[in-house]
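Going by the UniProt record's numbering, the final residue of the sequence shown carries number 348, and the count climbs one at a time with no gaps.
The beta-carbon is built from N, C-alpha and C at its ideal position, and this holds for glycine as well.
No experiment lies behind these values; they were computed from the predicted model shown.
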Amino acid sequence: MLRLRPVLATGSLSRRYATAASPHALVLLEHRAGVIDSGSLSALTAAQQLGGQITGLVVGAPDEVKGVVEKAKKLKGLTSVLHSSSEQYAHNIPELVSPLLEKLLSDITSYTHVVSAHSSSAKSILPRVAARLDLPAVSDITSVEHDGSSNSTTFTRPIYAGNAISTVRAPESVRVKFFTVRSTAFKASPADEFAQVEDKAVDPVEVSDAPTQHVRTDLTKSDRPDLGSASRVVSGGRALKNAETFKATLEPLADALGAAIGASRAAVDAGYADNSLQVGQTGKVVAPELYMAIGISGAIQHLAGMKDSKLIVAINKDPEAPIFQVADAGLVADLYEAVPELVQKLKQ
Numbered sequence: 001m002l003r004l005r006p007v008l009a010t011g012s013l014s015r016r017y018a019t020a021a022s023p024h025a026l027v028l029l030e031h032r033a034g035v036i037d038s039g040s041l042s043a044l045t046a047a048q049q050l051g052g053q054i055t056g057l058v059v060g061a062p063d064e065v066k067g068v069v070e071k072a073k074k075l076k077g078l079t080s081v082l083h084s085s086s087e088q089y090a091h092n093i094p095e096l097v098s099p100l101l102e103k104l105l106s107d108i109t110s111y112t113h114v115v116s117a118h119s120s121s122a123k124s125i126l127p128r129v130a131a132r133l134d135l136p137a138v139s140d141i142t143s144v145e146h147d148g149s150s151n152s153t154t155f156t157r158p159i160y161a162g163n164a165i166s167t168v169r170a171p172e173s174v175r176v177k178f179f180t181v182r183s184t185a186f187k188a189s190p191a192d193e194f195a196q197v198e199d200k201a202v203d204p205v206e207v208s209d210a211p212t213q214h215v216r217t218d219l220t221k222s223d224r225p226d227l228g229s230a231s232r233v234v235s236g237g238r239a240l241k242n243a244e245t246f247k248a249t250l251e252p253l254a255d256a257l258g259a260a261i262g263a264s265r266a267a268v269d270a271g272y273a274d275n276s277l278q279v280g281q282t283g284k285v286v287a288p289e290l291y292m293a294i295g296i297s298g299a300i301q302h303l304a305g306m307k308d309s310k311l312i313v314a315i316n317k318d319p320e321a322p323i324f325q326v327a328d329a330g331l332v333a334d335l336y337e338a339v340p341e342l343v344q345k346l347k348q
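Listed below in structure tokens is the structure:
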């Protein structure tokens with residue numbers, strides 16, 4: 001695989017201050033319905049590889065922050081937890097959360113790194129704060145290493161749909177290093193029942209003239225495992241013809257395996273499946289124990305979202321389909337015959 005080594009540019013503010021202290025990471029802990037997102041737990045694992053102190057940050061509505069903080073205080077790796085509650089933080093709107101982060105980073109002797117999952121919310125918040133502080137940000141990293149002697153941090157991140165790996169170094173002159181973490185590249189940090197760190201409340205930064213307003217949240221409800229964290233995934237492509245066929249073909253197989261259902265971009269664009277099920281460069285990046293690609297040709301865009309899966313199984317009637325180049329096991333067959341037979345055997 002091609003490896004590139006660009007040098008990370010630094011802004012004027014970052015050149016004025018040097019990071020002389022040991023690493024102290026601020027990790028944004030995102031949550032939903034009182035549960036800390038698995039991506040944030042992976043970001044916490046990445047932060048531990050810096051080798052210094054780690055402070056978690058929990059923001060949200062007053063009625064949910066307290067419970068999340070109690071769970072955060074028992075996470076392995078955290079040395080402290082900050083929390084700020086306000087109704088304006090209920091939906092993680094970047095224009096409202098960013099001023100709070102700016103306030104926390106105003107002390108040049110405090111944090112050396114700001115870390116989050118590569119989530120849709122954090123992808124808007126961290127670059128916004130970094131730009132306002134005239135600092136660079138690195139996104140979607142798959143490894144991180146901090147050099148204590150030079151106070152520089154080196155990251156790797158996939159580029160060109162995962163066909164090349166870029167190595168990026170943030171030197172000592174970058175006083176605060178921002179980065180988001182690809183959750184599939186790091187294990188989720190576990191809870192430690194004996195851990196009990198201190199927590200501290202931070203006053204919210206009220207924003208009276210925010211240009212963005214939350215209208216509504218539409219969530220797809222399913223009894224199946226969440227696509228982003230499922231250990232088994234069954235995905236379908238354009239070959240499944242229509243939404244009815246997609247559902248009738250994949251659901252019995254997913255039920256038999258206890259798997260989540262995914263889809264290629266072509267299937268989503270054709271209306272076979274909801275956008276939340278898209279796997280690929282512009283969808284979700286998954287790395288389950290088992291990934292089954294049913295009627296998926298294997299375009300680069302799709303491969304970027306699933307090629308790190310532990311076991312890839314492909315069913316396609318085209319023996320030249322690119323998906324077979326990454327599959328650990330492949331079956332050249334008509335999916336409308338192969339899938340029902342497979343379901344029958346799994347149920348025996």
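Asked, Found
"What does DSSP give as the partner residue(s) for residue 291 in the beta ladder?", "233, 312"
"Using a Cβ distance threshold of 8 angstroms, determine whether the segment 144-155 contacts the segment 77-92, with at least three qualifying pairs required.", "no"
"To the nearest angstrom, how far is the alpha carbon of residue 279 from that of residue 264?", "6 angstroms"
"Taking residue 246 as the reference, give the member of 296, 324, 219 with the closest Cα.", "296"
"Tell me the rounded alpha-carbon separation between residue 98 and residue 46.", "22 angstroms"
"Among 196, 36, 294, which residue has its Cα nearest to the Cα of residue 339?", "294"
"Between which residues of its own chain and residue 252 is the CB-CB distance below 6 angstroms, once the five residues before and five after are set aside?", "343"
"Rounding to the nearest angstrom, what Cα-Cα distance links residue 177 and residue 82 in this structure?", "19 angstroms"
"Please state the DSSP three-state secondary structure of residue 13.", "In this predicted model, residue 13 has a pLDDT of only 39, less than 50, meaning its place in the structure is not dependable; the value taken from the coordinates is given anyway. Reduced to three states, the DSSP call for residue 13 is helix."
"Since residue 259 and residue 286 are thought to touch, with beta carbons under 8 angstroms apart, how far apart are those beta carbons, to the nearest angstrom?", "Between residue 286 and residue 259 the Cβ distance is about 11 angstroms, and since that is not below 8 angstroms, they are no contact."
"Restricting to Cα atoms, I'd like to know which of 44, 203, 140 is closest to residue 305.", "140"
"Using a threshold of 7 angstroms, state whether the C-beta atoms of residue 231 and residue 322 are closer than that.", "no"
"Does the distance from the CB of residue 113 to the CB of residue 25 come in under 7 angstroms?", "yes"
"Pick out whichever of 42, 332, 32 has its Cα sitting closest to the Cα of residue 181.", "42"
"Quick check: the Cα distance between residue 151 and residue 40, rounded to an integer number of angstroms?", "24 angstroms"
"Could you check which residue in 129, 170, 335, 317 has the C-alpha nearest to that of residue 148?", "170"
"For residue 9, which residues of its own chain have a beta-carbon under 7 angstroms away from its beta-carbon, when the five flanking residues on both sides are left out?", "Any answer about residue 9 is weak, because its pLDDT of 46 lies below 50 and its placement is not dependable; what the coordinates show is given next. Within the same chain, residue 9 has close Cβ partners 136."
"Would residue 57 pass as a contact of residue 191 if the rule is Cβ separation under 7 angstroms?", "no"
"Verify whether the separation of the beta carbon atoms of residue 227 and residue 262 is less than 7 angstroms.", "yes"
"Threshold first: 3 residues or longer. Then list the beta strand (DSSP E) segments lying entirely within the segment 193-225, N to C.", "198-201"
"Taking Cβ to Cβ, would you say residue 336 is nearer than 7 angstroms to residue 309?", "no"
"Verify the CB distance criterion: does residue 99 have a CB-CB separation below 7 angstroms to chain B?", "Among the chains in the structure shown there is no chain B, since it carries only a single protein chain."
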